[in-house]
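Residue numbers for the sequence shown follow the numbering used here, so the first one is 322 and each next one is one higher.
Think of the CB as a built atom: it goes at the ideal place given N, C-alpha and C, for glycine as much as any other residue.
Since the structure is predicted, the reported quantities are computational estimates derived from the model, not experimental observations.
Okay, so here's the structure we're looking at.
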Amino acid sequence: MTISMSEQVLADLGQELNAHTQYPDPQDELDLLWRLPSWLAEGCFREIALREGLALCIENFRLRDRWELALPEREECLCFHFHLSGEHRDGSTEVGNLEYALYGSGLAPKQTMAGPDHFPILEVHIWMQPEVLVAFVGHNGELPTEFAHLVRPADQKYYTRVGTVSPALQQILRQIVRCPYSGLAKRLYLEAKALEAAALVLEHEQEVRQGRCLQHALQSDCVERICRAREIVLQNLDRPLALAELARRVGLNECALKRGFRQVFGTTVFGYLRDYRLEQARQLLLSGEANVSGVMQAVGFADRGHFAAAFRKKFGVAPKDYR
Numbered sequence: 322m323t324i325s326m327s328e329q330v331l332a333d334l335g336q337e338l339n340a341h342t343q344y345p346d347p348q349d350e351l352d353l354l355w356r357l358p359s360w361l362a363e364g365c366f367r368e369i370a371l372r373e374g375l376a377l378c379i380e381n382f383r384l385r386d387r388w389e390l391a392l393p394e395r396e397e398c399l400c401f402h403f404h405l406s407g408e409h410r411d412g413s414t415e416v417g418n419l420e421y422a423l424y425g426s427g428l429a430p431k432q433t434m435a436g437p438d439h440f441p442i443l444e445v446h447i448w449m450q451p452e453v454l455v456a457f458v459g460h461n462g463e464l465p466t467e468f469a470h471l472v473r474p475a476d477q478k479y480y481t482r483v484g485t486v487s488p489a490l491q492q493i494l495r496q497i498v499r500c501p502y503s504g505l506a507k508r509l510y511l512e513a514k515a516l517e518a519a520a521l522v523l524e525h526e527q528e529v530r531q532g533r534c535l536q537h538a539l540q541s542d543c544v545e546r547i548c549r550a551r552e553i554v555l556q557n558l559d560r561p562l563a564l565a566e567l568a569r570r571v572g573l574n575e576c577a578l579k580r581g582f583r584q585v586f587g588t589t590v591f592g593y594l595r596d597y598r599l600e601q602a603r604q605l606l607l608s609g610e611a612n613v614s615g616v617m618q619a620v621g622f623a624d625r626g627h628f629a630a631a632f633r634k635k636f637g638v639a640p641k642d643y644r
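Next up, the structure:
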């Protein structure tokens with residue numbers, strides 16, 4: 322079943338949510354939380370206005386069914402949209418698990434956004450008005466050439482690019498999600514982390530624009546084959562393919578696959594699979610749906626000690642203590 326959400330359905334949902342707004346931090350009236358209705362999803366999303374022109378949103382839920390949302394033509398600010406878990410498609414842009422989308426400001430075309438059912442969603446959005454970005458460039462108020470495309474007028478289509486959430490970005494995003502502070506300390510901490518995450522994305526954007534990014538040295542056909550290899554990896558989580566078989570299926574030799582996969586996704590095939598499994602394990606532990614042994618088996622780890630060590634190395638805590 323697919324839940325189709327028109328503009329009217331979305332407006333009605335907004336009214337329903339606003340009638341039940343929660344304030345998770347009593348010291349911060351700009352920190353808002355909404356629990357999604359049971360017919361749509363299990364979970365919530367949280368929005369924090371950090372300062373004028375800069376806001377943060379954390380989405381943490383599991384959809385009941387596949388959904389489609391019809392969006393009208395609209396003006397958008399800059400957005401850094403990170404997926405720690407989950408995937409979505411809007412128009413021609415597809416953002417997968419452990420990927421991010423960078424959206425510049427400008428005109429967002431009429432489009433349909435879609436997402437899968439029964440899959441845990443954990444996303445972080447950073448919204449930034451153009452003047453906030455421009456304020457960092459100094460007295461002349463002009464963005465460097467390699468960033469000028471990120472700020473476009475309201476009648477010009479916005480810029481988009483999809484990238485990989487690197488281990489460094491993952492760490493920052495998890496610090497945002499698990500912020501231990503409240504009040505003023507929380508606001509300072511979250512703003513610093515939001516700007517740090519944006520800085521890493523913009524650093525990569527600069528590399529792309531200046532032609533230093535290794536991904537862009539690959540032929541487009543090779544990139545497509547490597548992306549297909551990632552899809553095959555995720556489709557065979559229970560029975561991972563040998564590297565030779567994976568290379569054969571996408572029409573590359575092993576050396577080209579290993580080198581290209583690292584260039585495109587910032588890690589090895591094995592590392593990507595391990596990180597994906599550990600992220601799924603983290604989501605299952607948070608949901609409380611299974612104990613550590615059940616989670617370990619569900620995500621494909623056979624040895625409890627190996628699982629515990631890998632989990633602790635990635636998240637800084639043992640799985641039995643992660644709640």
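- Per DSSP, the continuous alpha helix (DSSP H) segment holding S608 begins and ends at V590 to S608.
- Taking the CA atoms as reference points, L392 sits about 15 Å from Y479.
- Around R356, the same chain offers C365 as residues with beta carbons nearer than 6 Å, after the five sequence neighbours per side are excluded.
- Assignment of A469 by DSSP, reduced to helix, strand and coil, places it in the helix class.
- Following the DSSP letters along the chain, one finds S614 inside the alpha helix (DSSP H) bounded by residues V613 to A619.
- Going by beta carbons, G572 and R551 fall outside the 7 Å limit.
- Residue pairing of Q584 in beta bridges, as defined by DSSP: absent, with no partner found.
- For H627, the enclosing alpha helix (DSSP H) starts and ends at R625 to F636.
- A distance below 8 Å between beta-carbons, with the five flanking residues on each side excluded, links L558 to the following residues of its chain, in chain order: L594, Y597, R598, V620 and G621.
- Judged by DSSP secondary structure, H525 falls within the alpha helix (DSSP H) whose first and last residues are G504 to R530.
- Burial check for S614: the Cβ neighbour count within 10 Å stays below 16, so the residue is exposed.
- A direct Cα-Cα distance of roughly 17 Å separates L405 from Y424.
- For G335, the enclosing alpha helix (DSSP H) stretches over residues E328 to N339.
- Distance from E396 to T485 at the Cβ level is roughly 28 Å; contact not present, criterion being Cβ atoms closer than 8 Å.
- Taking C-alpha positions only, V529 is separated from H409 by approximately 23 Å.
- The C-alpha of F582 lies about 20 Å from the C-alpha of R560.
- As a beta-bridge residue in DSSP terms, W355 pairs with F366.
- The beta carbon of R383 lies closer than 8 Å to those of A362, E363, G364, H439, F440, P441, I442 and S608 in the same chain, with the five residues before and after it left out.
- Under the 8 Å Cβ criterion, the stretch 448 to 460 counts as touching the stretch 366 to 378, having at least three qualifying pairs.
- According to DSSP, V483 shares a beta bridge with A422.
- By the CB criterion at 7 Å, E444 and E380 fall inside the cutoff.
- Our two residues, A519 and H402, have alpha carbons roughly 10 Å apart in a direct line.
- Only residues of its own chain outside the window of five on either side were considered, and among them K579, F582 and R583 have a CB closer than 8 Å to the CB of T589, listed in chain order.
- Judged by their CB atoms, E389 and T481 are not nearer to each other than the 7 Å cut-off.
- Shown here, V544 sits in a helix according to DSSP, grouped into three states.
- Distance from the Cα of L338 is smallest, within the candidate group S325, L353 and D349, for L353.
- As DSSP reads the structure, P441 sits in a beta bridge with R383.
- Beta-bridge pairing by DSSP links W360 to no other residue.
- Short of 8 Å from the beta carbon of P437, and not among the five residues preceding or following it, lie these beta carbons of its own chain, in chain order: L384, R387, G407 and E408.
- In the DSSP annotation of this structure, the continuous segment of the alpha helix (DSSP H) that includes L454 starts and ends at P451 to V455.
- For E396, the secondary structure class from DSSP, reduced to helix, strand or coil, is strand.
- Selection F457, R603 and S327 evaluated against K634 yields R603 as nearest (Cα-Cα).
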